[in-house]
Each structure stands twice: as structure tokens, then as C-alpha cells.
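Start counting the sequence shown at 33; every next residue gets the next number (the working numbering).
Positions of the beta carbon are idealized from the N, C-alpha and C atoms, including for glycine.
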Amino acid sequence: METDRAVRATGLTKTYGEGDTEVHALAGVTFEIPRGEFVVLRGASGSGKTTLLNQIGALEPPTSGDVEANGFNLNGLDDDGRTEYRLKSVGFVFQFYNLVPSLTAYENVALIAELTGGGVKERSEAVLASVGLADRLHHFPGQLSGGEQQRVSIARGLVKNPPLMLCDEPTGALDTETGTQVLSLLREITDTGDRTIIVVTHNSQIAEIANRVIDLRDGQIIENERVEAPKDPVDVAW
Ligand SMILES: Nc1ncnc2c1ncn2[C@@H]1O[C@H](COP(=O)(O)OP(=O)(O)OP(=O)(O)O)[C@@H](O)[C@H]1O
Ligand SMILES: [Mg+2]
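This is how it looks when you write it as C-alpha cells:
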């Protein structure tokens, strides 16, 4: 289980549809990501970014190939194993937050905290404070700004204390300044431990703060490069 590798994919393919409508969303992808990195996954619309993230999150079965993440071979898991993996090992952050609108910020986070152990109140409040929302605990999503809602959704992912965070266009619905704050927050999360974060984005400036940049084109990896000296988010010209 203990390994220096967060993710390894081998010969991964994902095909949607068949015959005339067949799409090779992933056309043979092989790569490794060491633990503790802030990874940016880039590529044009339709290049396969969300498909790849969904594979790493065990949200969909592959057509062929293998993914190993956090020491689990995802192909080898049964339904219960996959549910457990998604619950305990992966925090998901989506472009449109996916918060429950009828629950407060606190309740959205506590819901997940309850599924993953005790000390629900302490853990939920602490993680909301860590994303700067200590004074917004009892606001509903509709009473929060986009950036605040995204921070709630990051808190919801973090409260499980997962080794891996998967973020699909987390700043896609935010203005530049708010997006920058959210990205700085995400990078802080990796700066302090061995948590790995994979962020899908169209924004190539985000790549400047990454430890690793993976470029996808037409379902294939065209570049997987370690960045030795990533910039501090405040030093990037957004
Ligand atoms: N459920 C599906 N059924 C059929 N085709 C799909 C499905 N999901 C994705 N595809 C196709 O697979 C390809 C890759 O899609 P994917 O969503 O991974 O792209 P993406 O890089 O995330 O794009 P975007 O930047 O627009 O979000 C696209 O051609 C898309 O149309
Ligand atoms: Mg996508």
C-alpha cells in the first residue's frame, strides 16, 4: 500500500459508442505521477481530460488497460471496493461545485465527514476554517459567491483527508482573481504534505505553479513533464 507513486496508468483506453459514433476518448495512455505533486492536466476541449480524471477516480470502467492509484489496482476492485476507494481515497472538485443547495456550507461538509469517521463537528469546522470560511458556516450555497462555493466544495473533498484530490476545471466558473485564490489554496494543500492534486484546466498560466504538466491531445499523452521550480501563485501574471 505504501508507495511513492500516486497514480500509474498502463495502456489505458476508453471508447464511447460504437460503429459510426465510436469515439476513442483515451487512445492508449501510460504515465506515472509520484506522490505529493500538484499536477496540471491540459488539453483542448474533447482531448480526454475529464475521461482520464474519471478513470483515476474510478467513476467509470476502462475499455482496456489498468489504473493503479494510492496502491489500489482499480480494475481489481468490485463495486464495494470502488465505492470505498472513491469515498476514502479521493476528493473530487468540479467546475460547478455540486453542492447540495438546501444544505448550509457546514452541512455540505459534515455530510461527507459523517461517512468517513468521527469528530464530525470539529473536522468540518476546522476544514472550513482552513479554506477561509469560518464565518460562513451557516450560509446556504445560494448565499455564497462562486469562489466561496468552490472553497466549500474543496473543504468537502478535504474533510476525508484523501491522499488524492481530482479537480475538473475548478476555476472554470470563476473570475480571474477568485480563480487565482482557489488555485493558491489548492497548491497550499499539496505544499504541506504528501497529498497529490490533479487539476484539469484550459488555463495554461496555471501550469506555471505546477510540479508536473501533462498534455493530452486526442486521447493521448503528448507530454508529461516535471517542473523543477514552479512559481509561487502570487508571482504569476494572471
Ligand atoms: N459519455 C460519453 N459518451 C460518448 N462520448 C463521450 C462521453 N464522454 C466523453 N465523450 C467524448 O470523448 C471525448 C473526450 O471527452 P472529455 O469529456 O474527456 O474531454 P475534455 O478534454 O474533458 O473536454 P472539455 O475541455 O470540453 O471538458 C470527446 O470527444 C467527447 O465527446
Ligand atoms: Mg472536461
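For the pair of segments examined, the segment 161-180 was found not to touch the segment 97-104: the number of CB pairs separated by less than 8 Å stays below three. With respect to the C-alpha of Glu220, the residue from Asp264, Lys153, Ser156 and Tyr138 having the closest C-alpha is Asp264. Residue range Phe70 to Arg74 is occupied by the beta strand (DSSP E) that includes Arg74. Listed by position in the chain, the residues whose beta carbon lies within less than 7 Å of some heavy atom of ligand 2 are Lys81, Thr82, Asp200, Glu201 and Val232. Taking a cut-off of 8 Å for Cβ pairs, the segment 227-243 and the segment 63-73 touch, as three or more such pairs fall below it. As for any beta strand (DSSP E) of minimum length 3 sitting wholly inside the segment 180-248, the runs are 196-200 and 228-233, ordered along the chain. With contacts defined by Cβ atoms closer than 7 Å, Thr45 and Gly60 form a contacting pair. The shortest C-alpha to C-alpha distance from Asn235 to any of Ala142, Thr62, Leu206 and Gly150 is the one to Leu206. As a beta-bridge residue in DSSP terms, Leu58 pairs with Lys46.
Checking the 6 Å criterion, the Cβ of Ser96 is out of range of every heavy atom belonging to ligand 1. Around the beta carbon of Arg258, a 10 Å sphere encloses fewer than 16 other beta carbons of the protein chains shown; the residue is thus reported as exposed. At a Cβ-Cβ threshold of 7 Å, Gly251 and Ala90 do not count as neighbours.
Short note on Val55: C-beta closer than 6 Å to some heavy atom of ligand 1. Leu160 is classed as buried because its beta carbon has at least 16 other beta carbons within 10 Å across all chains shown.
Rounded to whole angstroms, the separation of the alpha carbons of Tyr129 and Glu92 is 20 Å.
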